[in-house]
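What follows is one structure encoded as structure tokens, with my remarks underneath.
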Amino acid sequence: MTTHRPEQPTPDYVAGHDLLVGKVVVVTAAAGAGIGAAVVRRALEEGAKAVVFSDTHARRLAEAEETLAAEFGAER
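Just add 98 to wherever you are in the sequence shown, counting from 1, and you've got the numbering used here.
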């Protein structure tokens with residue numbers, strides 16, 4: 099027998115707390131839509147000085163770089 103839990107509300111977004119200010123973050127497999135991409139975005143939100151990310155898909159990597167540079171600045 100399966101017991102279903104009631105649907106839980108989505109928690110509110112928590113803004114960055116500057117936990118990574120001055121740090122350099124390296125993330126692999128980061129140009130898709132999964133955990134790697136979310137980690138890159140969150141690192142930038144947390145104030146990382148630089149984020150180095152890689153992926154085996156060159157086109158997706160270039161698109162992710164362009165999108166993140168537009169949102170967070172190309173210097174990071």
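No residue lacks a Cβ here, since even glycine has one placed at the ideal position from N, Cα and C.
CB-CB length for residue i against residue j, believed under 8 Å
i	j	result
A146	V123	5 Å
V138	L159	Going by Cβ atoms, the distance from V138 to L159 rounds to 11 Å, so no, they are not a contact pair.
A129	D153	3 Å
A141	V149	5 Å
A127	G120	About 25 Å; that fails the 8 Å criterion.
Spatial neighbours of residue i in its chain, beta-carbon cut-off 7 Å, leaving aside the 5 residues before and after
i	result
D116	E144 and G145
G114	E143, E144 and G145
A131	none
Reduced DSSP secondary structure (H/G/I, E/B, other) of residue i
i	result
V124	strand
V119	strand
Buried or exposed (CB count within 10 angstroms, at least 16 for buried), residue i
i	result
A168	exposed
A136	exposed
Contacts around residue i, its chain only, beta-carbon distance under 8 Å, and the 5 residues preceding and following it disregarded
i	result
H155	A129 and G130
Same chain, Cβ closer than 6 Å to residue i, neighbours up to 5 away in sequence not counted
i	result
A162	A129
**Message:** To test your reading of the DSSP string, which unbroken alpha helix (DSSP H) runs of 4 or more residues are found completely within the region 132 to 170?
**Reply:** 133 to 143 and 156 to 170
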